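All remarks here apply to the structure that follows.
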Amino acid sequence: MKTKKWLGILSSVGLPLLFGVVIFVLWQTQVLHSWLGTDTITLPLPTRISEIISQNKDSIGSQVKMTLIVALGGLAAGSVMGYLIAVVASIFRKWGAGGLTIVSAFNAIPIVALAPVINNWTRDVSNDVSVRSTLAKIIVVTISCTAAMSVNAFRGLTELKPFSEDLMTSYAAPKIVVFTKLRLPNSLPYVFTALRVSVPASVIGALVTEYFAEDTVGVGRQIRENIVKGQYPTAWAYIATACAIGIGMYIILMLVERMVLKRRRA
Amino acid sequence: MTTAKKARKGPLPALKRFIHSKHMVTLVWILGIVVIWEIFACIVAATKRTPVNVLPHLYEIIGSFFSDKKVTGKMTMIELIGTACGETLSRAGIGFLTGIVLGYILALLMNLSRVVEKIAFPYLMIIQMIPILGMAPIILSITGDINSARVVIAAILTFYPVSTNVLAGFRSVEREKHELMYSYAANKFQLYTKTLIPACIPYFFTGLKISAPMAITASILVDTLQGGNGLGCMLSQSLKGGMTRLVFWDIVLISAIIGILSFVLMGLIERILCPYKRNKTSD
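Chain order of the listed sequences is A and B. For the first sequence, the working numbering assigns the number 2 to the initial residue and increments by one for each residue that follows. For the second sequence, the working numbering assigns the number 397 to the initial residue and increments by one for each residue that follows.
Okay, structure coming up:
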């Protein structure tokens, strides 16, 4: 029985790893290039990309910082705003549910259309290009993170265990106590469901708004600038960095989720 | 029902029902947003030198859309945006369909074979965390052609939500149903066509609702990277001052509407294809 379990773990780690290695080998030996009909200039070898990354550690690091400020700032603002909207919507149930439909409709608006508009709006905020452009980017990410949080948190605040609300009424609990003791803890898992959507969305939002920002900083902008300049290996280095940011933030989220929800269960 | 009761309900029960319905709530919200937009537009018009750049009135935007003034050499606004829309949407559509087919096939394969699942599932997870849209420029330079880049990116973005959701749909089928099919001596093909595939339809549409707006976003984004006639190209040309600023606002409005409509359309198709689900959601 035990060996069977180990075999299972081995195959579920080993098989994907093997697949990854196969892709790596195909890439490195340029078989992949002939399949995609491209060359080593547009699609540099993995070794070349990692070389570039290690050579430009400092400059990549500073771009990552700019992107992270935007992504995390927007994620935090959007999540807080989404949760507050959900709380208000759960108090005024009928009108709130309709409002949430509108909020989720906002989610379907392409970021591409949003970014230039927000850029125009923040033009007068500050004379410093980097301040106003960072603010504009954060607002775009905020908008793209709000909907997921508000829809999910609303469900968490309203879909309670059967009779738990009646139990609270029988205790003659005031509304605020019902909120802190019942609704708030009940919504926690839903908050994490929302974050699983909005964490990747915040990274994508940050990268894409950088394309349209006045200030030419950030990982996303560097990808574009380097491609325009024809420096594909550098562009690929930034793409690898962008993927690392996305995966890293998701892993952190998973760890936090496991920690928080475990403590809650205990 | 007695006539007295009917009379008490008022002369226009249909209208009354509408006022108390969910649609009314949504309508009031939309009106509220329009009002807020107009208030800000008035403030902007009074204080800014170039209000068109910041926030024009809604009627200006809509008016410009239907006016027959020529924007470029020979096209009016509606023709211009119509062709751009067609260009962008057709590419997004092709990519979307390709993504659906590939995603569905992968989910099927993953459900049929443990080995395929073990290989592909971790990568499906990772691809969700990777900002594909951020890679748009490089995909453009690999494919070398803006049209195929649009198709490829839209397909990738459609592919994984469809795949993960369909797989979850296959997995949602209870053990009893599997046992029932086994007791009927159903073969694998029958098992799939009679139980698993019908069961995954709601999940399939959840995937489509996520990916349809994303496919359109992707298509517009790729447009902005290079010249051509898509919506995104018009958007960036207008931002650079090649056309009037109202073109920009028209496109923002249109792309928002297309994004929302694509979501609504998927819900509509779902309701047509599986009307039995409606009873479930209504209670």
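Built from N, CA and C at the ideal position, the CB exists for glycine as well. Owing to the predicted nature of the structure, the values given are computational and were not obtained by experimental measurement.
#1: Which same chain residues, not among the five before or five after residue 631 of chain B, have their C-beta less than 7 Å away from its C-beta?
#2: If you draw a straight line from the C-alpha of residue 253 of chain A to the C-alpha of residue 263 of chain A, how long is it?
#3: So that I know if they touch, is there some Cβ in chain A lying closer than 9 Å to that of residue 451 of chain B?
#4: Quick one: give me the first and last residue of the alpha helix (DSSP H) that residue 104 of chain A is part of.
#5: In whole angstroms, what is the alpha-carbon distance linking residue 86 of chain A and residue 41 of chain A?
#6: So with Cβ pairs under 9 Å, would you call residue 16 of chain A a contact of chain B?
#7: When the Cα of residue 137 of chain A is compared with those of A/147, A/118, A/150, which residue comes out closest?
#8: Does chain A have any CB closer than 9 Å to the CB of residue 412 of chain B?
#9: Quick one: is residue 506 of chain B near chain A, going by C-beta distance under 9 Å?
#10: Tell me where the alpha helix (DSSP H) around residue 211 of chain A begins and ends.
#11: Return the residue from the list A/69, A/245, A/214 that minimises the CA-CA distance to residue 130 of chain A.
#12: With a CB to CB cut of under 7 Å and the five nearest residues on each side skipped, what residues in its chain are close to residue 107 of chain A?
#13: When you compare only the Cα positions, how much space is there between residue 531 of chain B and residue 127 of chain A?
#14: Give the residues of chain A in contact with residue 418 of chain B, contact being defined as C-beta atoms less than 9 Å apart.
#15: Following the continuous alpha helix (DSSP H) through residue 160 of chain A, name the residue where it begins and the one where it ends.
#16: What number of angstroms, rounded off, separates the C-alpha of residue 398 of chain B from the C-alpha of residue 410 of chain B?
#17: Candidates B/461, B/614, B/562: which alpha carbon is nearest residue 592 of chain B's?
#18: Would residue 120 of chain A and residue 134 of chain A be called neighbours here (beta carbons separated by less than 9 Å)?
#19: Which of the three DSSP states, helix, strand or coil, is assigned to residue 426 of chain B?
#20: Could you work out which residues of chain A lie near residue 524 of chain B, taking near to mean beta carbons separated by less than 7 Å?
#21: Per the contact definition of three or more C-beta pairs closer than 8 Å, is the region 191-200 of chain A in contact with the region 48-64 of chain A?
#22: Roughly how far, in whole angstroms, is the beta-carbon of residue 670 of chain B from the beta-carbon of residue 597 of chain B, given that I think they are within contact range, below 8 Å?
#23: Quick check: the Cα distance between residue 608 of chain B and residue 497 of chain B, rounded to an integer number of angstroms?
#24: Name the chain B residues that come within less than 9 Å of residue 126 of chain A, Cβ to Cβ?
#25: Between the region 524-543 of chain B and chain A, which residues of the former have a C-beta closer than 9 Å to a C-beta of the latter?
#26: Buried or exposed for residue 586 of chain B, going by 16 or more other Cβ atoms inside 10 Å?
#27: Kindly examine the ligand FMN and report whether one of its heavy atoms sits closer than 8 Å to the Cβ of residue 242 of chain A.
#28: Taking its Cβ as the centre, do 16 or more other Cβ atoms sit within 10 Å of residue 442 of chain B, making it buried, or is it exposed?
#29: Give me, in chain order, the residues of the same chain whose beta-carbon lies closer than 6 Å to that of residue 550 of chain B; leave out the 5 immediate sequence neighbours on both sides.
#30: Here's a check: name, in chain order, each residue in its chain whose Cβ is nearer than 6 Å to the Cβ of residue 83 of chain A, leaving out the five neighbours to either side.
#31: Taking the straight line between their C-alpha atoms, what separation do you get for residue 28 of chain A and residue 50 of chain A?
#32: Looking only at its chain, what residues have a beta carbon closer than 6 Å to the beta carbon of residue 634 of chain B, apart from the 5 residues adjacent to it on each side?
#33: Under 8 Å Cβ-Cβ, which residues of chain A neighbour residue 652 of chain B?
#34: Using beta-carbon positions only, say whether residue 80 of chain A and residue 159 of chain A come within less than 9 Å of one another.
#35: From residue 600 of chain B to residue 569 of chain B, what does the alpha carbon distance come to, in whole angstroms?
#36: What residues from chain B crowd round residue 20 of chain A, counting only those whose CB sits closer than 7 Å?
In short, the structure shows the following:
#1: 620, 644, 647
#2: 15 Å
#3: yes
#4: 94-108
#5: 50 Å
#6: yes
#7: Nearest to residue 137 of chain A by C-alpha distance, out of A/147, A/118, A/150, is A/118.
#8: no
#9: no
#10: 185-213
#11: Residue 130 of chain A has its Cα closest to that of A/214, out of A/69, A/245, A/214.
#12: 144, 148
#13: 31 Å
#14: 95, 98, 99, 102
#15: According to the DSSP assignment, residue 160 of chain A belongs to no alpha helix (DSSP H), since it is labelled neither H nor E.
#16: At residue 398 of chain B, the pLDDT of 45 sits below 50, so the modelled position is not reliable; the number obtained from the coordinates is stated separately. Those two C-alpha atoms are separated by around 18 Å.
#17: In this structure, B/562 is the residue among B/461, B/614, B/562 with its C-alpha nearest to the C-alpha of residue 592 of chain B.
#18: yes
#19: helix
#20: 201
#21: no
#22: Indeed, because the Cβ distance is near 5 Å, the residues count as touching under 8 Å.
#23: 14 Å
#24: For residue 126 of chain A, there are no neighbours in chain B by C-beta distance under 9 Å, as the nearest C-beta there is about 12 Å away.
#25: 524, 525, 526, 527, 528, 529, 530, 531, 532, 533, 534, 536, 537, 538, 539, 540
#26: exposed
#27: This structure simply doesn't include the ligand FMN, nor any ligand for that matter.
#28: exposed
#29: 488, 491, 492, 611, 614, 615
#30: Cβ neighbours of residue 83 of chain A beyond the five flanking positions: 147, 150, 151.
#31: 12 Å
#32: So the qualifying residues of the chain are 643, 644.
#33: 109, 110, 111, 114
#34: no
#35: 14 Å
#36: 515
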